[in-house]
């Protein structure tokens, strides 16, 4: 019998081990999922239809408004043309709002169902004990899930953007691509950090967590302004601003608002009702990203201790 | 027939327990209402934004049109999901499909029974959403006493078509991987776009209008809206059909879709058995 290898704790070894864990956990999502081609239909094409319906609502509003402008005899020709051009401008801005929201919905759903619920799912199918026995850091495991999830979801997000430009004729004007990239990636890090935190909490909450994920679909689409400018909530006195502020705890809210400001030209800014300047939103997103990652680390450690103490790590359907 | 009824009853009870016993009844009621009401609020805010930046005088008819359509769409999302997720949840999550499948019952009836609790919960959610719209958002609803029998008949036929479509999808999901959420989002999305739920079919291009007019749910939404809000005055492109014709169309469609559901279900089941996929799990 050979002697058991000594436990290595040097930094280089640990970094390599955790990097391999990230690659290993993201592999099934990046490569494995592509072995089942039906996912392209389900994840990339079908969700576009839901987004299309929201686009058509704004187009229907626009069509009825333009019809009313045309039928208004009190306007001069010049006033009528200006009003119609204005209507086209806000319809484009609102359709772009929906398209960008649709891309963010893809990431949010991935965070809910493939990050937050994943450890619970792994427990249900019996993989969790294997993860817990493996020598890597648990954050590397969650990091791998996040990287794989971001890649998988990017396909859907890109198809939504492409559909917005090609099918719905949305015109984007990007003046500051670096800020755009910064906002996008910080938003994703914050979102997936939130998902990592939820992953541990969902394990503690058990079966209720599944329903919590379902509950965080439409209400979050609403409070984060996925399909309308979130500034619209400030048009409702009383509870509107409160919902918007509460919704801002979800990084998608501020991320989307900043992305809309960065991708639509100055003439459309009035139509997207921005919440705050992009630099402020980016700063808050950075704070959220760091905060969620730290909380995820603590939640995971707490979960591990609690699960070992109570012996419920492998108890299914609870 | 006795076995079918017993299977339906037990499956419905099981479905109800699985849906509701994870929490206290009051929390389950809130949970059942919050989701659809939040969905309706997305549309409310879309309208608020439109009024704020596009048309200050508003467009109450368009708002009532989309609000009523969206309220009844709760049935579509919920009944479809309730039907086709049965196979995937039993197969992938609970891993009990092999035991249920080999038991001496009709698996088709079992799925319909499991979906029954979703129909009951969504009926409640539809009622709450409509009442909320009438009392707080000035949605125009005027259902006359004489229209109630036709409204109930149309609702029953619409739900039958939905269940049949759900079973068709269930038959397909015998063969697919863990795509419940893609299906749950995508297939209702198809109906959301083409069935005149939120906007009149006249907004769609001619090919989209043709697709919409080929789906029975379009007629269900139209007759429901006609009976609930007869004075809306929005051109739906279906004004050439009277109420009875639409009801007849729904009846024929529900029979046709029932037959189709059996065909697709049996075909999916046959190929799944042949490929050994009845109890497969896909855990990525």
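Chains as they are written, first to last, in our numbering: chain A, 2 to 319; chain B, 1328 to 1611. Note that beta-carbon positions come from the ideal geometry of N, C-alpha and C, so glycine has one too.
So which residues of chain B does residue i contact, with C-beta pairs closer than 9 Å?
i	result
residue 228 (chain A)	1369, 1370, 1372 and 1373
residue 66 (chain A)	1377, 1381, 1382 and 1386
residue 95 (chain A)	1373, 1376, 1377, 1380 and 1381
Output, in chain order, the set of chain B residues within a Cβ distance shorter than 7 Å of residue i.
i	result
residue 53 (chain A)	1520
residue 167 (chain A)	Here the premise fails: no neighbours, minimum Cβ distance about 14 Å.
residue 236 (chain A)	1375 and 1379
residue 88 (chain A)	1381
residue 194 (chain A)	Going along chain B, no residue has its Cβ under 7 Å from residue 194 (chain A), so there is no contact; the nearest lies around 22 Å.
residue 233 (chain A)	1372, 1375, 1376 and 1379
residue 311 (chain A)	Within chain B, no residue comes near residue 311 (chain A); the closest Cβ sits about 19 Å away, beyond 7 Å.
Check the Cβ of residue i against every Cβ in chain A and list those closer than 8 Å, keeping chain order.
i	result
residue 1362 (chain B)	215, 216, 218, 219 and 220
residue 1629 (chain B)	Lying outside 1328 to 1611, the shown extent of chain B, residue 1629 (chain B) is not represented and no answer is given.
residue 1389 (chain B)	61, 62 and 65
residue 1517 (chain B)	47 and 50
Just the chain A side, please: which residues come within less than 9 Å of residue i by C-beta, in chain order?
i	result
residue 1393 (chain B)	58 and 61
residue 1514 (chain B)	47 and 50
residue 1525 (chain B)	54, 55, 57, 58 and 61
residue 1423 (chain B)	By Cβ distance, chain A contributes nothing, its closest Cβ being about 10 Å from residue 1423 (chain B), past 9 Å.
residue 1608 (chain B)	126
For a contact defined as C-beta to C-beta under 7 Å, what are the partners of residue i on chain A?
i	result
residue 1366 (chain B)	219
residue 1435 (chain B)	Under the 7 Å cutoff, chain A gives no residues; its nearest Cβ is about 23 Å from residue 1435 (chain B).
residue 1420 (chain B)	125
So residue i and residue j are supposed to be a Cβ contact under 8 Å. How far apart are they, rounded?
i	j	result
residue 1525 (chain B)	residue 58 (chain A)	5 Å
residue 1342 (chain B)	residue 1418 (chain B)	Actually they do not touch by this definition, with Cβ atoms about 16 Å apart.
residue 320 (chain A)	residue 106 (chain A)	No statement about residue 320 (chain A) is possible, as the shown extent of chain A runs from 2 to 319 and does not include it.
residue 1598 (chain B)	residue 1502 (chain B)	6 Å
residue 187 (chain A)	residue 225 (chain A)	Not confirmed; about 16 Å, so no contact.
residue 300 (chain A)	residue 201 (chain A)	4 Å
residue 1594 (chain B)	residue 1498 (chain B)	6 Å
residue 1457 (chain B)	residue 1468 (chain B)	7 Å
residue 1481 (chain B)	residue 1571 (chain B)	Actually they do not touch by this definition, with Cβ atoms about 11 Å apart.
residue 1360 (chain B)	residue 1474 (chain B)	That pair is no contact at about 26 Å.
residue 1561 (chain B)	residue 1389 (chain B)	7 Å
residue 212 (chain A)	residue 1358 (chain B)	6 Å
residue 1606 (chain B)	residue 1382 (chain B)	So it is not a contact: roughly 55 Å between Cβ atoms.
At 8 Å on the CB atoms, spell out the chain B contacts of residue i, in chain order.
i	result
residue 212 (chain A)	1349, 1350 and 1358
residue 91 (chain A)	1380 and 1381
residue 80 (chain A)	The contacting residues do not exist; residue 80 (chain A) stays about 15 Å from chain B at best.
residue 22 (chain A)	Those within 8 Å of residue 22 (chain A) in chain B number zero; the least Cβ separation is about 16 Å.
residue 271 (chain A)	1380
residue 223 (chain A)	1365, 1366, 1368, 1369 and 1372
residue 209 (chain A)	1349 and 1350
Flag residue i as yes if its beta-carbon sits less than 9 Å from any beta-carbon of chain C, otherwise no.
i	result
residue 170 (chain A)	Chain labels in this structure do not include chain C; the protein chains are A and B.
So within the segment 189 to 223 of chain A, which uninterrupted beta strand (DSSP E) runs reach at least 3 residues, ignoring any that extend past its ends? Scanning the segment 189 to 223 of chain A from its first residue to its last, no whole beta strand (DSSP E) run of 3-plus residues comes out.
Do the segment 214 to 232 of chain A and the segment 67 to 81 of chain A make contact, defined as three or more Cβ pairs closer than 8 Å? No, the segment 214 to 232 of chain A is not in contact with the segment 67 to 81 of chain A.
Could you tell me whether the segment 1579 to 1595 of chain B touches the segment 1484 to 1492 of chain B, where touching means 3 or more Cβ pairs closer than 8 Å? The count of Cβ pairs closer than 8 Å, one atom from the segment 1579 to 1595 of chain B and one from the segment 1484 to 1492 of chain B, reaches three, so the stretches are in contact.
How do the segment 143 to 150 of chain A and the segment 164 to 182 of chain A stand: do at least 3 beta-carbon pairs fall below 8 Å, yes or no? Judged by Cβ distances under 8 Å, the segment 143 to 150 of chain A makes no contact with the segment 164 to 182 of chain A, as fewer than three pairs qualify.
I want to know whether the segment 91 to 99 of chain A touches the segment 261 to 278 of chain A - three or more CB-CB distances under 8 Å. Taking 8 Å as the limit for Cβ pairs, the verdict is that the segment 261 to 278 of chain A does touch the segment 91 to 99 of chain A.
Determine, using beta-carbon pairs with one atom in the segment 1444 to 1459 of chain B and one in the segment 1536 to 1550 of chain B, whether at least three such pairs fall under 8 Å. Using a Cβ-Cβ distance cut-off of 8 Å, the segment 1444 to 1459 of chain B and the segment 1536 to 1550 of chain B are not in contact, since fewer than three pairs of beta carbons, one from each stretch, lie closer than that value.
Does the segment 295 to 315 of chain A come close enough to the segment 257 to 265 of chain A to have 3 or more Cβ pairs within less than 8 Å? The way I'd put it, the segment 295 to 315 of chain A doesn't touch the segment 257 to 265 of chain A; fewer than three beta-carbon pairs between them come closer than 8 Å.
Contact between the segment 1394 to 1409 of chain B and the segment 1367 to 1374 of chain B: three or more CB pairs below 8 Å? The segment 1394 to 1409 of chain B makes contact with the segment 1367 to 1374 of chain B; the number of CB pairs closer than 8 Å reaches 3 or more.
Write down every uninterrupted run of the beta strand (DSSP E) in the segment 70 to 116 of chain A whose length is 3 residues or greater and which is fully enclosed by it, in chain order. Fully enclosed beta strand (DSSP E) runs of 3 or longer: not present.
Can you list, in chain order, the stretches of the alpha helix (DSSP H) that have 4 or more residues and sit fully within the segment 1332 to 1418 of chain B? As far as the segment 1332 to 1418 of chain B is concerned, its whole alpha helix (DSSP H) runs of at least 4 residues are 1352 to 1380 and 1387 to 1415.
Does the segment 134 to 142 of chain A touch the segment 17 to 33 of chain A, meaning 3 or more C-beta pairs lie closer than 8 Å? The segment 17 to 33 of chain A makes contact with the segment 134 to 142 of chain A, as at least three CB pairs between them are under 8 Å.
Is the number of C-beta pairs between the segment 146 to 163 of chain A and the segment 103 to 122 of chain A that are closer than 8 Å three or more? Between the segment 146 to 163 of chain A and the segment 103 to 122 of chain A, the count of C-beta pairs closer than 8 Å reaches three or more; the two stretches touch.
Can we say the segment 1418 to 1434 of chain B touches the segment 1375 to 1383 of chain B, given the rule of at least three CB pairs closer than 8 Å? Fewer than three pairs of CB atoms, one per stretch, sit closer than 8 Å, so the segment 1418 to 1434 of chain B makes no contact with the segment 1375 to 1383 of chain B.
Entirely enclosed alpha helix (DSSP H) segments - the segment 149 to 178 of chain A, minimum 4 residues: Those alpha helix (DSSP H) runs which fall completely within the segment 149 to 178 of chain A and span 4+ residues do not exist here.
Only counting runs of 3 or more residues, tell me where the beta strand (DSSP E) segments fall wholly within the segment 216 to 275 of chain A, in order along the chain. Correct list: empty.
Specify whether the segment 1401 to 1414 of chain B and the segment 284 to 295 of chain A touch according to this definition: at least 3 beta carbon pairs, one from each stretch, less than 8 Å apart. No: fewer than three Cβ pairs fall under 8 Å.
What alpha helix (DSSP H) runs, 4 residues minimum, are completely inside the segment 1536 to 1564 of chain B? Look at the segment 1536 to 1564 of chain B and you find these whole runs of alpha helix (DSSP H), each 4 residues long or longer: 1543 to 1555.
Completely contained alpha helix (DSSP H) runs for the segment 1434 to 1484 of chain B, where each covers 4 or more residues: Entirely contained in the segment 1434 to 1484 of chain B, the alpha helix (DSSP H) runs reaching 4 residues are, in chain order, 1434 to 1463.
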